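Chains as they are written, first to last, in the UniProt record's numbering: chain H, 1 to 437; chain D, 1 to 437.
Glycine included, every Cβ here is placed at the ideal spot set by N, Cα and C.
Being a predicted model, the structure only gives us computed values, none of them experimental.
What follows is one structure encoded as C-alpha cells, with my remarks underneath.
Protein chains: 2
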Amino acid sequence: MTQTETMPRTLARELPRHEGQTVKMQGFLHARRDLGGVQFLVLRDVSGITQCVGSGLTLPLAESSVEVVGTVKAHPKAPGGFEVQVQDFRVISAATEPAPVEIPKMEWHVNPETMLDYRVVTVRGLKERAALKVQAELLAAFRDHLQQEGFTEISTPKIVSAGAEGGANLFPIDYFGQPAYLAQSPQLYKQIMVGVFERVFEVAPVYRAEEHATSRHLNEYLSLDVEMGFIQDEEEVMALENRLLAAIMTRLKERCAHEFTLLNATIPDVPAHIPRISLMDARQLVTEKFGHQVGGKDLDPEAERLLSQHFAQTESSDFVFVTKYPRAARPFYTHADHNPDGSLNPDTTRGFDLLFRGIEITSGGQRIHDHAMLMDSIAAYKLNPETLEGYTEVFKYGMPPHGGFAIGAERLTAKLLGISNVRYARAFPRDRHRLTP
Amino acid sequence: MTQTETMPRTLARELPRHEGQTVKMQGFLHARRDLGGVQFLVLRDVSGITQCVGSGLTLPLAESSVEVVGTVKAHPKAPGGFEVQVQDFRVISAATEPAPVEIPKMEWHVNPETMLDYRVVTVRGLKERAALKVQAELLAAFRDHLQQEGFTEISTPKIVSAGAEGGANLFPIDYFGQPAYLAQSPQLYKQIMVGVFERVFEVAPVYRAEEHATSRHLNEYLSLDVEMGFIQDEEEVMALENRLLAAIMTRLKERCAHEFTLLNATIPDVPAHIPRISLMDARQLVTEKFGHQVGGKDLDPEAERLLSQHFAQTESSDFVFVTKYPRAARPFYTHADHNPDGSLNPDTTRGFDLLFRGIEITSGGQRIHDHAMLMDSIAAYKLNPETLEGYTEVFKYGMPPHGGFAIGAERLTAKLLGISNVRYARAFPRDRHRLTP
Numbered sequence: 001m002t003q004t005e006t007m008p009r010t011l012a013r014e015l016p017r018h019e020g021q022t023v024k025m026q027g028f029l030h031a032r033r034d035l036g037g038v039q040f041l042v043l044r045d046v047s048g049i050t051q052c053v054g055s056g057l058t059l060p061l062a063e064s065s066v067e068v069v070g071t072v073k074a075h076p077k078a079p080g081g082f083e084v085q086v087q088d089f090r091v092i093s094a095a096t097e098p099a100p101v102e103i104p105k106m107e108w109h110v111n112p113e114t115m116l117d118y119r120v121v122t123v124r125g126l127k128e129r130a131a132l133k134v135q136a137e138l139l140a141a142f143r144d145h146l147q148q149e150g151f152t153e154i155s156t157p158k159i160v161s162a163g164a165e166g167g168a169n170l171f172p173i174d175y176f177g178q179p180a181y182l183a184q185s186p187q188l189y190k191q192i193m194v195g196v197f198e199r200v201f202e203v204a205p206v207y208r209a210e211e212h213a214t215s216r217h218l219n220e221y222l223s224l225d226v227e228m229g230f231i232q233d234e235e236e237v238m239a240l241e242n243r244l245l246a247a248i249m250t251r252l253k254e255r256c257a258h259e260f261t262l263l264n265a266t267i268p269d270v271p272a273h274i275p276r277i278s279l280m281d282a283r284q285l286v287t288e289k290f291g292h293q294v295g296g297k298d299l300d301p302e303a304e305r306l307l308s309q310h311f312a313q314t315e316s317s318d319f320v321f322v323t324k325y326p327r328a329a330r331p332f333y334t335h336a337d338h339n340p341d342g343s344l345n346p347d348t349t350r351g352f353d354l355l356f357r358g359i360e361i362t363s364g365g366q367r368i369h370d371h372a373m374l375m376d377s378i379a380a381y382k383l384n385p386e387t388l389e390g391y392t393e394v395f396k397y398g399m400p401p402h403g404g405f406a407i408g409a410e411r412l413t414a415k416l417l418g419i420s421n422v423r424y425a426r427a428f429p430r431d432r433h434r435l436t437p
Numbered sequence: 001m002t003q004t005e006t007m008p009r010t011l012a013r014e015l016p017r018h019e020g021q022t023v024k025m026q027g028f029l030h031a032r033r034d035l036g037g038v039q040f041l042v043l044r045d046v047s048g049i050t051q052c053v054g055s056g057l058t059l060p061l062a063e064s065s066v067e068v069v070g071t072v073k074a075h076p077k078a079p080g081g082f083e084v085q086v087q088d089f090r091v092i093s094a095a096t097e098p099a100p101v102e103i104p105k106m107e108w109h110v111n112p113e114t115m116l117d118y119r120v121v122t123v124r125g126l127k128e129r130a131a132l133k134v135q136a137e138l139l140a141a142f143r144d145h146l147q148q149e150g151f152t153e154i155s156t157p158k159i160v161s162a163g164a165e166g167g168a169n170l171f172p173i174d175y176f177g178q179p180a181y182l183a184q185s186p187q188l189y190k191q192i193m194v195g196v197f198e199r200v201f202e203v204a205p206v207y208r209a210e211e212h213a214t215s216r217h218l219n220e221y222l223s224l225d226v227e228m229g230f231i232q233d234e235e236e237v238m239a240l241e242n243r244l245l246a247a248i249m250t251r252l253k254e255r256c257a258h259e260f261t262l263l264n265a266t267i268p269d270v271p272a273h274i275p276r277i278s279l280m281d282a283r284q285l286v287t288e289k290f291g292h293q294v295g296g297k298d299l300d301p302e303a304e305r306l307l308s309q310h311f312a313q314t315e316s317s318d319f320v321f322v323t324k325y326p327r328a329a330r331p332f333y334t335h336a337d338h339n340p341d342g343s344l345n346p347d348t349t350r351g352f353d354l355l356f357r358g359i360e361i362t363s364g365g366q367r368i369h370d371h372a373m374l375m376d377s378i379a380a381y382k383l384n385p386e387t388l389e390g391y392t393e394v395f396k397y398g399m400p401p402h403g404g405f406a407i408g409a410e411r412l413t414a415k416l417l418g419i420s421n422v423r424y425a426r427a428f429p430r431d432r433h434r435l436t437p
C-alpha cells in the first residue's frame with residue numbers, strides 16, 4: 001500500500017480541526033474550473049463541499065468520484081472558511097458523460113418533471129439531499145421519542161384483502177390468482193397490536209391510488225403511525241403528539257441547522273400546549289374573520305391556510321389541533337364524542353386533525369373499542385361487515401379504549417423546509433404518471 | 001375524578017419498587033381461577049404478568065381489559081416474586097366471547113395454521129409477543145449502530161417497473177393501467193443513493209412471489225438493507241456487518257434477557273473476526289468432513305447446516321462468512337474478484353453470504369460501479385438492457401466502488417430465538433395461501 005492509501009479520510013466538516021495539516025479527501029467532483037495553469041475544484045462529500053485549488057491537474061467530468069490529498073488553509077471566502085491546496089489528485093471513478101443537469105446550478109424552479117426524470121443524478125444536489133437528510137433525522141427522532149415513552153415498533157402487512165378506509169383508491173395486486181390490494185394504512189393492524197403491546201408505532205409505506213396529481217399528494221408515501229391503549233379520551237393522544245413534535249424539532253435543531261440554513265427555512269417552536277379549536281368553531285372563525293365560506297363537512301385547503309394564519313398571528317403557533325370532527329367527515333372506526341351528561345353524541349366524534357403552517361399533517365382520534373358499537377357503526381356507514389370480519393373479530397376480546405394518529409412524513413418534511421411540491425420530499429416519488437426511476 | 005382515576009398506573013416489572021404499597025394496575029385478564037370465596041387472576045401488561053388474589057370478585061371472560069387496585073406483597077411462588085392483594089377491581093372492556101385458543105396454554109406445537117388463523121388474538125401470547133419484541137429491539141439496534149457509523153436512512157419505492165433480480169417471483173400490480181410490480185429488493189435504489197449519502201440503509205418490506213411454502217420463506221418480509229461507498233473491496237463490507245451484529249447482540253443482552261429466557265434461547269457471542277471460508281473450500285470441507293455431496297453452484301440447506309456445525313465446533317462461532325462466490329451463483333451486478341496479478345477473474349465474484357446457526361441470513365458483496373463493466377455483465381447474463389436503463393444510467397456519473405448486504409429480519413429473529421417457522425417472526429405473515437388476517 002502507498003502512503004496515501006493508508007491515510008485516513010477526512011470529511012469536509014472536519015477541516016477546521018486540520019488547519020495546516022495534510023489531509024486525504026474523497027467525494028464527487030461537484031464543480032470545476034480550469035484557468036490554464038490553475039485548477040479550481042469543489043469536492044462534495046456526505047458532510048458538505050470543499051474548495052480545492054491545484055495546478056497542472058487534468059480534471060475529469062463533473063460528478064466523477066475523486067481523491068484529493070492536500071494542505072488545509074484558512075480561506076474566508078471558501079465554503080466553510082477553509083480551502084485545500086492540492087498536492088495529489090486521483091480519479092477514483094470517472095463520469096463517462098456530462099450530467100444531464102448541472103448539479104450545482106439546479107434550482108427548485110427548474111421544470112419539476114425534468115428534474116424527476118433525471119432523479120438518479122439530480123437527487124445528488126445539495127438542496128435535494130438536504131431534504132432527505134432532514135427526513136432521516138425526523139424519522140429517527142420519531143422512533144426514539146416513542147421508544148422512550150414505552151412504544152414498541154411493529155411491522156404489518158402491506159398486502160391486504162380489503163381496504164381499511166373503504167374500497168376507493170386501492171391499487172389491485174394479483175396475489176397467486178387471488179385479488180388483493182396495497183394497504184392504504186396500517187390502521188386496523190395497529191389497533192390489533194394495541195392488544196399485544198398497548199403502545200405501538202410503525203414507519204412504513206402506504207398506498208393511495210389517487211387519480212389527481214397535486215402538490216400535496218403522493219401515490220406512495222411514508223406513514224408515521226402511532227396507536228396507544230388504556231387512554232381516557234383523545235386528549236391523551238393529542239398530548240402525546242404534542243410531546244413527540246417537540247422532541248422531533250429539538251433533534252432537528254441539534255442536527256440539521258446546516259440543512260435548514262441551506263434551504264432558508266426555520267424550525268418551528270412547538271408550544272407546550274398546541275392550541276385546539278373544534279371543527280365547527282374553526283369553520284365559523286374562517287367565515288367571520290376572513291369571509292371564506294367553507295363547503296362540505298370538513299375544512300377545504302383555503303380554510304386550513306386561513307386557520308393556520310389566525311393561530312400564527314394570535315398565539316404565535318405554527319400548529320393547531322382541529323378537534324371534534326362531525327361523524328360525517330370521519331371513518332367508521334372513529335369513537336363518538338360524549339355529551340355533557342355522559343351519553344354518546346351521534347353527530348360528533350373524538351377525531352382530530354393537526355394543521356401545520358396551513359396544511360393538515362395528521363389525522364387522529366379515539367377509536368371504537370366496543371364490539372357492538374363497532375358493528376353498529378359499520379352498518380350505519382353501509383359497509384360490508386364480511387370484508388371487515390378479520391378486523392372486527394379482535395374487538396370480541398376485551399380491547400381497551402385506544403386512539404392514535406398518522407403523520408405523512410413527506411408532507412411534514414416539505415412543510416418544514418418550505419418545499420412547494422411534496423414529491424421532492426421523496427427520493428423516487430410515484431405519481432399518476434411516474435413509475436420510474 | 002375518583003381517587004383511583006388519578007392514581008398513576010404501575011406496570012408488572014415495577015412491582016418490586018412498590019412492596020407494601022397500594023398500586024393501580026391495568027392490563028388484560030390473562031388467566032383466572034375462581035375457588036368460590038377466593039379468586040386468582042393473572043394480569044398481563046406490556047411488561048409482564050402479575051398474580052392477583054381477591055375475594056368476592058365477579059371475573060369477566062379471559063382477555064378482558066381490567067383494572068386492579070391492591071397491595072403489593074412479596075410471594076416467592078408468584079411470577080416475578082410479588083403478588084397483588086386486590087382491594088378494588090374494575091372491568092375496563094369486557095370480552096364478549098371466550099378466546100378461540102386459551103392464550104396461556106398455547107404452545108409452539110399447536111397446529112400453526114390454526115394459530116395463524118386466529119392471529120389477531122393468538123399474537124397476544126407471551127412467547128408470540130416476545131419474538132416481536134426482540135425483533136423491534138433488533139431493528140432499533142440496527143439503525144442506531146449504522147447512524148453512529150455515518151449511514152443515512154433512505155426510503156425507496158416498493159412499486160417498480162421491473163425487478164432488480166430479474167423477472168421471476170414478482171407480484172404484478174395494476175398501476176393506473178400500467179403494468180408494475182412489488183419490489184423484490186431495494187438493491188438498485190440503495191446503490192443509486194450511495195451517490196448521494198455515500199453510506200445508506202433502509203428497513204422496509206420486500207416481496208417475493210415464491211410458490212413454495214417452506215419454514216424459511218415469507219412472501220412479504222422485512223429487509224434490512226445496507227450499502228456503502230468508497231470501499232476497497234468486500235472485506236470492508238463484511239467488517240461492517242461484523243461490527244453491526246456485535247452491536248445488535250449487545251443491545252439484545254441489555255434489553256431482551258427476559259424474552260430470551262422465556263423462549264429458552266441464548267444470545268450468541270459475535271467473534272471480533274467472524275471466520276471466513278471461500279465457497280469452493282466450503283463445498284470441499286462439507287464433502288470431505290461430512291461426506292455430503294453438494295449439488296448446484298451454491299450450498300444447499302444441508303451443506304449450510306453442516307458448515308455452521310463445523311465452525312461452531314472448531315471456532316466456537318455461530319457465524320461464518322462464505323466468500324468468493326462463483327459468477328454463476330450471483331446476480332449480474334456483483335463485482336468480479338481479482339486475480340493475484342490484479343486482472344479480473346471472470347469466474348469468481350466478490351459476493352458473500354453470512355450463515356448463522358445453519359442458515360443463510362445475509363447476501364452481500366461488492367457491486368460493479370463501472371458503466372462499461374455493468375453493460376458487459378448485463379449482456380453476459382442475457383438480460384434486457386432496456387428494462388434496466390433507469391438503473392444503469394447512474395453509472396455514467398462517477399459511482400465510487402461500493403458494496404453492501406441485506407439481512408432478512410424475520411429469519412434472523414427466528415434463528416436467534418429457536419423458532420422453527422419464520423412465520424412466527426412476523427405479526428401477520430403472508431404466504432402462498434394466507435392473505436388474512
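For residue i, the residue or residues it bridges with in DSSP
i	result
H:Lys73	H:Glu83
D:Gly54	D:Gln39
H:Thr45	Note on identity: in this sequence residue 45 of chain H is Asp, with Thr being the wrong assignment. Partner(s): H:Gly48.
D:Lys24	D:Arg9, D:Val69
D:Phe356	D:Phe319, D:Ile359
H:Val121	Looking at the DSSP assignment, H:Val121 forms no beta bridge with any residue, so it has no partner.
H:Thr152	H:Val200
H:Glu227	H:Val200, H:Gly404
Proximal chain D residues relative to residue i, where beta-carbon distance stays under 9 Å
i	result
H:Ala141	Chain D residues near H:Ala141: none, gap ~11 Å exceeds 9 Å.
H:Val123	Ile192, Met193, Gly195, Val196
H:Gly150	Leu11, Val46, Ser47
H:Pro172	Ile173, Asp174
Per-residue contacts from residue i into chain D (C-beta, under 8 Å)
i	result
H:His30	What H:His30 touches in chain D: nothing, since even the nearest Cβ is about 11 Å away.
residue 483 of chain H	The structure shown does not extend to residue 483 of chain H, since chain H is modelled only from 1 through 437, so no value can be given for it.
H:Ile154	Leu132, Ala136, Ala427
H:Tyr189	Ala427, Phe428
H:Arg129	Val196, Phe197
The ligand ADP heavy atom lying under 7 Å from the CB of residue i
i	result
H:Tyr424	Of the ligands one can find in the structure shown there are none, so the ligand ADP has no counterpart to examine.
Cβ-Cβ distance between residue i and residue j below 8 Å
i	j	result
D:Lys190	D:Glu198	no
H:Leu218	H:Glu410	yes
D:Ser155	H:Arg426	yes
H:Ala78	H:Leu29	no
D:Glu220	D:Arg430	yes
D:Leu263	D:Leu417	yes
residue 441 of chain H	H:Phe151	There is simply no residue 441 of chain H to check, as chain H begins at 1 and stops at 437 in what is shown.
D:Leu279	D:Tyr325	yes
Min CB distance residue i to chain B below 8 Å
i	result
H:Gly398	Structure shown: chain B not included; protein chains present are H and D.
Residue i: contacting residues in chain H (beta-carbon distance under 9 Å)
i	result
D:Phe405	Ordered by position in chain H, no residue passes the 9 Å Cβ test against D:Phe405, which lies about 20 Å from the chain.
Chain-ordered chain H contacts of residue i [CB-CB under 8 Å]
i	result
D:Gly390	Val120, Thr436, Pro437
D:Leu371	This sequence places His at residue 371 of chain D; Leu is not what is there. In chain order: Thr96.
Beta-carbon separation (whole angstroms), residue i vs residue j, contact threshold 8 Å
i	j	result
D:Leu299	D:Val322	7 Å
H:Tyr118	H:Pro104	H:Tyr118 to H:Pro104, Cβ: 15 Å. No contact.
Residues that residue i contacts on chain D, provided the C-beta gap is smaller than 7 Å
i	result
H:Phe230	Gln26
Taking one C-beta from the stretch 181–188 of chain D and one from the stretch 130–139 of chain H each time, how about it: are there three or more such pairs within less than 8 Å? no
Three CB pairs or more closer than 8 Å across the stretch 302–315 of chain H and the stretch 344–364 of chain H: yes
Any contact between the stretch 83–101 of chain H and the stretch 395–402 of chain D? By contact I mean 3 or more CB pairs, one from each, below 8 Å. yes
I want to know whether the stretch 276–287 of chain D touches the stretch 331–341 of chain D - three or more CB-CB distances under 8 Å. no
Pair every Cβ in the stretch 65–73 of chain H with every Cβ in the stretch 22–41 of chain H, then say whether three or more of these pairs are closer than 8 Å. yes
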